[in-house]
């Protein structure tokens, strides 16, 4: 079973406008509302794979209950801790003329220390039946930045590997706990390494240093430049599929879901590079925070061009 953790979920509201004009009246062409948050997006994507999973996290208030109702259309198990406050609403304004997305993300609830301890107990109970732990996204106010590190250490003690997709201090501290796999984008990778990369091979060389430190699998997403995956002494640069991008929101989460699938199924590094790239590309071609599905990915992933570097 894959266990996903979303500590700061959101109701994702995507608003479509013909052309965004700042400081002026903008008339909405369409609105799409989805259950969101990075771990929840991973669960939504995994829903189409033949993978047993469970979604966990923290929800609050009316927005939290509404988010749970949005998740009812997905058949995977869910177990969220309800706390005081209000789950955030994230608004994404999509300019239909340029394709650019403007994001306005709320803060979310302030989580008390006793709530975190209650959640860790919930997570530990679920780890007993878990083969892989996926930790994704930002942390709500009140949660110490070492939260992901604590989760990784707990999972390691129970012989469960972890996948970490985060940013900033939570990511830096999480790395010290040695997750099995990480999936930063280029900006996150540059922040965590303190470097600016000018080419694919510089990224590869930095990845090799992380392998020596003890991280087994590293996937760095590069937007239009594709992605770099390194695993089992093999490093590949994968190009994205040629699709008409509608919304890049959720592409990284779709890649994490594909990565989790490949880890569980013990898929080779070259195929994993192709599958994760295809998952991200197909998600970018969808509206809102829709996730690409395995039935579509499996038909096209061999079309992804890869190069061993």
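In my numbering, the protein residues as written are 186 to 494. The beta carbon of each residue, even a glycine, is placed where N, CA and C say it ideally should be.
Residue 270 and residue 333 have their C-alpha atoms spaced approximately 22 Å apart. With contacts defined as CB atoms closer than 9 Å, residue 328 and residue 371 fail to qualify as a contacting pair. Here the alpha carbons of residue 470 and residue 437 stand approximately 13 Å from one another. Here the alpha carbon of residue 289 sits roughly 33 Å from the alpha carbon of residue 457.
A contact between stretches requires three or more CB pairs, one per stretch, nearer than 8 Å, and the segment 378-392 fails this requirement with the segment 348-364.
Boundaries cannot be given for residue 232, as no alpha helix (DSSP H) includes it and DSSP labels it neither H nor E. The alpha-carbon of residue 298 is positioned some 39 Å away from that of residue 417. Counting only the Cα atoms, residue 294 lies some 10 Å from residue 192. Taking C-beta separations shorter than 8 Å and ignoring five residues to either side along the sequence, the partners of residue 326 in its chain run 292, 293, 294, 295, 296, following chain order. Positions of the alpha helix (DSSP H) runs, each at least 4 residues long and wholly inside the segment 216-276, are given as 223-231, 246-255 in order along the chain. Excluding the 5 residues flanking it on each side, residue 430 has same chain C-beta neighbours closer than 6 Å at 469, in chain order. Cα atoms of residue 368 and residue 477: separation of roughly 18 Å, rounded to the nearest angstrom. If only complete runs of 4 or more residues are kept, the segment 326-386 shows the alpha helix (DSSP H) at 332-342, 353-361, 371-378, in order along the chain. The distance from the Cβ of residue 434 to that of residue 319 is about 18 Å, inconsistent with a contact at the 8 Å cut-off. Under the three-state reduction of DSSP, residue 438 is assigned to helix. Inter-segment contact for the segment 259-267 and the segment 228-235 is present: three or more beta-carbon pairs are separated by less than 8 Å. Shown here, residue 295 sits in coil according to DSSP, grouped into three states, outside any helix or strand. Judged by pairs of C-beta atoms under 8 Å, the segment 209-229 touches the segment 307-323, as three or more such pairs exist. As the crow flies, the alpha-carbon of residue 210 is around 40 Å from that of residue 349. Collapsing the DSSP output to three states places residue 489 in coil.
Counting of Cβ neighbours within 10 angstroms places residue 245 among the buried residues, the total reaching 16 or more. Taking residue 376 as the centre and dropping the five residues before and after it, the same chain places no C-beta closer than 6 Å to its C-beta. If you ignore the 5 residues before and after residue 248, its C-beta comes within less than 8 Å of the C-beta of 196, 271, 272, 273, 274, all in its own chain and listed in chain order.
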